[in-house]
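Sequential numbering from 1 applies to the sequence shown in the working numbering.
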Amino acid sequence: MQTDPDCVFCRIVAGAIPAARVFENDHVLAFLDIGPLAEGHLLVIPREHYTRLEQMPPDLLACLARCLPDLARAVLAVTGAPGYNLLQNNGRAAGQVVGHVHFHIIPRNEGDGLGYRWNASSYPPGRAGELQRRIRDALAAPPA
Ligand code: AMP
């Protein structure tokens, strides 16, 4: 299993630094975020070190995803929040600070003030079709 001795989440997995663990199995660990955006804010991580989601073996990602419904239900039950955001950042440009794949489960309440700018734009004529074609081509011929 690949680990990174400099990675804070690998150190949590190894038990070298403490975390408020709520769930673990052979492949997945969930614990409270140390800087919660809301009470009950969880992080769900693979035990093995991968920096970004697209680097993960799909079966491991599926393993992690299988844990999400139960974890979300438990957080909602305990916090009483009516909703939650599932957030997963990849790369510094996307707000990723810790370079070990993690899913945030963030309980949400009406008017809690959390959020981000959703600056929706629109495509100029022809651009959406071009992107559609190029993405479909990229899927058909993924990089080695
Ligand atoms: P991201 O910006 O998606 O990389 O989020 C990283 C998250 O990890 C932040 O919400 C931090 O509060 C959280 N975090 C960093 N160090 C720890 C730690 N030792 N224990 C629990 N959560 C942590």
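Each residue gets a CB set at the ideal place from its N, CA and C atoms; glycine is no exception.
query                                                                                                                   : result
Helix, strand or coil for isoleucine 17 per DSSP?                                                                       : coil
Going by the beta-carbon positions, is the gap between leucine 42 and isoleucine 105 smaller than 7 Å?                  : yes
Among Val97, Thr79 and Ala120, whose alpha-carbon lies nearest the alpha-carbon of arginine 52?                         : Val97
Which residues does DSSP list as the beta-bridge partners of tyrosine 84?                                               : Pro107
Measure the alpha-carbon distance for glutamate 54 versus valine 75 and round it to whole angstroms.                    : 27 Å
Would you mind sorting arginine 47 into buried or exposed? The rule is 16 or more other CB atoms within 10 Å of its CB. : buried
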